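Our numbering applies: residue 2 is where the sequence shown begins, and numbers increase by one. Since the structure comes first, as structure tokens, the remarks are kept for the end.
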Amino acid sequence: MKTHSIRVLYSFPHKIGADRICYTAWQQVNGLAAAGADILAMPGVLHKPLPPNVKVWPTLSWGKLRISYKIMGTMRALALHDYIVSKRLKNLAGKIDIIHTWPCGALLTLKTAKRLGIPTVLERPNAHTRFAYETYKKECERLGIKLPKNHEYSYKKDVLEKEEKEYDLADKILCPSDFVVKTFIDQGFPHDKLVRHIYGFDEKRFYPDMNSKNQGKGLTLISVGVQAVKKGLHYALEAWLQSPAHQEGTFLVAGEIFPEYAKKLSSLLSHPSVRVLGHRNDVPELMRKSDILILPSIEEGFGLVCIEAMGSGCVPLVSEACTDICKHMGNSLIHKVGDVKTLTNHITMLFENRSLLEKLRIGALCTAKEVTWSKAGAKLLQIYQQIITTYKKKIDDSMYSF
């Protein structure tokens, strides 16, 4: 008897295919489609085309007409998306096997799915929100930085309360790293509610330079992404300038820096060995030309930039918040959060020992082959199947129990 493909309703309340989590969601759908899932995608807005075999039904756009997240307010826009998906869901009973949701745009959808008996998963691309707020606050206070109220990591009671309700309602929470899992366990969540999956990288964009790396004395380090406090740029700069490597090398800082944070770091950023590049569209090329990615995060979800660096032949130097794909002395070097001394030693070690740098580079390239978006999609599809099977068994057991 022929069975149908797993039918997935993928609800994403933002502009799928745009930057950051919007890019993650877009690649996730691509990977699922390639793995054979039957997907009905409901993004707020379709920013970038999805594969032809994905059915797309946006919630906040009609042709060229779009609702402005900025004018409406992001939280109101996400709530409207959630409301529309929940209303549509009532007519999809029996046609959907599982629903994949994202934070702050899932509350009504999860409630409706529960009434209809459809299993649900909630994506958690970062640590538990309460942990993230508290960790960010402590680090900003330590640095003497005050966040504006509209900053994504400024404490927002309404956001936290809504997300915690979603956590409770979802059948499973998808966690891309053990670090994320731990932040939920520490908040009292049971292990069986948390499901590990992975993200990936685009091997067509991030690939190594076939020519040998610069054999000269100077190292090239790079820090990539929105330079928020949680990424630990301040630790990276301190370690770089304490290492003799800075005397002959270059530290590239690619990505926007929060103004007050940039002001705090001005004396470090102005050093002759540091090049502040701002937002860049040529990150893959920058990585190919760099020896080391530096990411001393205090909090991390998965660290997409780590696997992108590995695929580009760039060795990660990271904190223990990024240890799912990063393995100490295998494909990277790892230090404890905030341990500038060890990070300094790691930079110096690779500056003085190019054989070790090359060994880690080879290890990084080997790791990257196993962490592509297509493999992440296949893994997620297997997770869906396991959840659906367990959900059905639970229902059957409850029907026949006395």
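Heads up, the beta-carbon is just placed ideally off N, CA and C, and yes, glycines get one too. Predicted model only: the values in this text are computed from it and were never measured.
Problem - Beta-carbon gap between MET55 and ALA36 smaller than 8 Å - result: Within the sequence shown, residue 55 is the residue found at index 54, counting from 1. Within the sequence shown, residue 36 is the residue found at index 35, counting from 1. Here the sequence assigns Val to residue 55, which means Met is not the residue at that position. Their beta carbons are not under 8 Å apart, which means VAL55 does not touch ALA36 by this criterion.
Problem - Beta-carbon contacts of LEU476 that lie in its chain and below 8 Å, excluding the five residues immediately before and after - result: Since the displayed the chain opens at 2 and closes at 403, residue 476 lies outside it and no answer follows.
Handout entry: Proximity to HIS48 [Cα-Cα], best of LYS65, ILE363 and LYS163
Key = Against the sequence shown, residue 48 aligns to sequence position 47. The candidate whose alpha carbon is nearest that of HIS48 is LYS65.
Handout entry: For GLU204, the three-state DSSP class (helix, strand or coil)
Key = The residue you call residue 204 lines up with position 203 of the sequence shown. Correct three-state label for GLU204: coil.
Handout entry: Coil, strand or helix - LYS3 by DSSP
Key = Counted from its first residue, the sequence shown places residue 3 at position 2. With a pLDDT of only 41 at LYS3, under the threshold of 50, the placement of this residue in the model should not be trusted; the figure read from the coordinates follows. Note: LYS3 maps to coil in three-state DSSP.
Exercise for the section: Please report the Cβ distance between THR221 and ASP292, rounded to the nearest whole angstrom; I am assuming they are in contact, meaning their Cβ atoms lie under 8 Å. Expected result: Within the sequence shown, numbered from 1, the residue matching residue 221 stands at position 220. Within the sequence shown, numbered from 1, the residue matching residue 292 stands at position 291. Right, the Cβ-Cβ distance comes to about 5 Å (below 8 Å), so this counts as a contact.
Problem - Simplified DSSP assignment, three categories, for CYS23 - result: Here residue 23 is taken as the residue at index 22 of the sequence shown, counted from 1. Here CYS23 sits in helix by DSSP.
Handout entry: Cα-Cα separation, LYS3 to TYR385
Key = Sequence index remark: in the sequence shown, residue 3 carries index 2 (1-based). Sequence index remark: in the sequence shown, residue 385 carries index 384 (1-based). Residue confidence is low: LYS3 scores 41 on pLDDT, short of 50, so the model does not pin down where it sits. Its coordinate-derived value is still stated next. Each residue's Cα considered, the two are about 19 Å apart.
Practice task
Classify THR251 as buried or exposed, calling it buried when 16 or more other Cβ atoms lie within 10 Å of its own Cβ.
Solution key: Here residue 251 refers to the residue found at position 250 of the sequence shown. So THR251 counts as buried.
Exercise for the section: Would you kindly work out how many angstroms separate the C-alpha atoms of HIS129 and HIS152, rounded to a whole number? Expected result: Walking along the sequence shown from the start, residue 129 turns up at place 128. Walking along the sequence shown from the start, residue 152 turns up at place 151. Cα to Cα, HIS129 sits roughly 17 Å from HIS152.
Problem - Per-residue burial, CYS424 [other beta carbons within 10 Å of its own, 16 or more giving buried] - result: Outside the shown range of the chain (2 to 403) lies residue 424, about which nothing can therefore be said.
Practice task
Please work out which residues of its chain come closer than 6 Å, Cβ to Cβ, to PRO113, disregarding the five sequence neighbours upstream and downstream, and give them in chain order.
Solution key: Working through the sequence shown from its first residue, we reach residue 113 at position 112. Reading off the sequence, residue 113 comes out as Thr, not Pro. So the qualifying residues of the chain are SER87 and LEU90.
Practice task
Starting from TYR11, follow the alpha helix (DSSP H) in both directions and report where the run begins and ends.
Solution key: In the sequence shown, counting from the first residue as 1, residue 11 sits at position 10. Not the alpha helix (DSSP H): TYR11 falls in the beta strand (DSSP E), residues 8-17.
Exercise for the section: Measure the CB-CB distance between VAL30 and LEU10 and report whether it falls below 8 Å. Expected result: Translated into the one-based positions of the sequence shown, residue 30 becomes position 29. Translated into the one-based positions of the sequence shown, residue 10 becomes position 9. Not in contact: VAL30 and LEU10 (Cβ atoms no closer than 8 Å).
Exercise for the section: List the DSSP bridge partners of GLY334. Expected result: The residue you call residue 334 lines up with position 333 of the sequence shown. A small correction: the amino acid at residue 334 is Leu; Gly does not occupy that position in the sequence shown. Answer is LEU318, bridged to LEU334.
Exercise for the section: For chain C, find out if any of its Cβ atoms is closer than 8 Å to the Cβ of VAL275; answer yes or no. Expected result: Here there is only one protein chain, and chain C is not present.
Practice task
Taking the CB atoms as reference points, tell me whether THR102 and ALA171 lie closer together than 8 Å.
Solution key: Residue mapping note: residue 102 aligns to position 101 of the sequence shown, counting from 1. Residue mapping note: residue 171 aligns to position 170 of the sequence shown, counting from 1. Contact flag set, yes.
Handout entry: 8 Å Cβ cutoff met for ILE174 and LYS194
Key = Mapped onto the sequence shown, residue 174 falls at position 173. Mapped onto the sequence shown, residue 194 falls at position 193. In this structure, LYS194 lies closer than 8 Å to ILE174 by Cβ.
Exercise for the section: Could you check the C-alpha separation between LYS139 and ALA310 for me, to the nearest Å? Expected result: Working through the sequence shown from its first residue, we reach residue 139 at position 138. Working through the sequence shown from its first residue, we reach residue 310 at position 309. Near 29 Å, if we compare the C-alpha coordinates of ALA310 and LYS139.
Practice task
Could you tell me which residues DSSP pairs with GLU124 in its beta bridges?
Solution key: Position 123 of the sequence shown, counted from the first residue, corresponds to residue 124. DSSP output for GLU124 lists LEU175 as bridge partner(s).
Practice task
Would you check if the distance between the CB atom of ILE326 and the CB atom of VAL284 is smaller than 8 Å?
Solution key: Sequence index remark: in the sequence shown, residue 326 carries index 325 (1-based). Sequence index remark: in the sequence shown, residue 284 carries index 283 (1-based). No. Outside cutoff.
Practice task
Look at ILE7 and LEU253 and say whether their C-beta atoms are less than 8 Å apart.
Solution key: Position 6 of the sequence shown, counting from 1, holds the residue named residue 7. Position 252 of the sequence shown, counting from 1, holds the residue named residue 253. Against a cut-off of 8 Å, the Cβ pair of LEU253 and ILE7 comes out as no contact.
Problem - Bridge partner(s) assigned by DSSP for THR221 - result: Your numbering for residue 221 matches position 220 in the sequence shown. THR221 pairs with THR251.
Exercise for the section: Within its chain, find whatever has a CB closer than 6 Å to the CB of ALA229; leave out the 5 residues flanking it on each side and keep chain order. Expected result: Counting from one through the sequence shown, the residue named residue 229 turns up at place 228. Closer than 6 Å at Cβ, skipping near neighbours: no residue.
Exercise for the section: Measure the alpha-carbon distance for PHE132 versus PRO177 and round it to whole angstroms. Expected result: On the sequence shown, residue 132 is found 131 positions in, with the first residue counted as 1. On the sequence shown, residue 177 is found 176 positions in, with the first residue counted as 1. The alpha-carbon atoms of PHE132 and PRO177 are separated by roughly 16 Å.
Problem - CA-to-CA distance, ILE22 to PHE202, given in whole angstroms - result: Along the sequence shown, one-based indexing puts residue 202 at 201. Along the sequence shown, one-based indexing puts residue 22 at 21. The straight-line gap from Cα to Cα measures roughly 13 Å.
Exercise for the section: Drop a sphere of 10 angstroms on the beta-carbon of ALA377, count the other beta-carbons inside from all chains shown, and report buried for 16 or more, exposed for fewer. Expected result: As a working mapping, residue 377 is identified with position 376 in the sequence shown. The residue in question, ALA377, is buried, as its Cβ has 16 or more Cβ neighbours within 10 Å.
Handout entry: First and last residue of the uninterrupted alpha helix (DSSP H) at ALA369
Key = Reading the sequence shown from its first residue, position 368 is the one you call residue 369. It spans 355-369 - the alpha helix (DSSP H) in which ALA369 sits, taken as one unbroken run.
Practice task
For GLY32, collect the residues of the same chain with a Cβ closer than 6 Å to its Cβ; drop the 5 residues on either side in sequence, then sort them by chain order.
Solution key: Taking the sequence shown and counting its residues from 1, one reaches residue 32 at position 31. The answer, listed in chain order, is TRP374, SER375, ALA377 and GLY378.
Handout entry: Cβ shell of PHE403 (< 7 Å), same chain only, five flanking positions each side left out
Key = Here residue 403 is taken as the residue at index 402 of the sequence shown, counted from 1. Bear in mind that a pLDDT of 46 at PHE403, under 50, signals an unreliable position, so the number given afterwards is only what the model happens to contain. Correct list: empty, nothing qualifies.
Handout entry: For GLU261, the nearest candidate out of ARG116, LEU278 and GLU142 (CA to CA)
Key = Stepping through the sequence shown from its first residue, residue 261 is reached at position 260. If we check each option's Cα against that of GLU261, GLU142 comes out closest.
Exercise for the section: May I ask whether a heavy atom of the ligand COA can be found less than 7 Å away from the beta carbon of TYR84? Expected result: Judged by which ligands are present, the structure shown has none, so any question about the ligand COA falls away.
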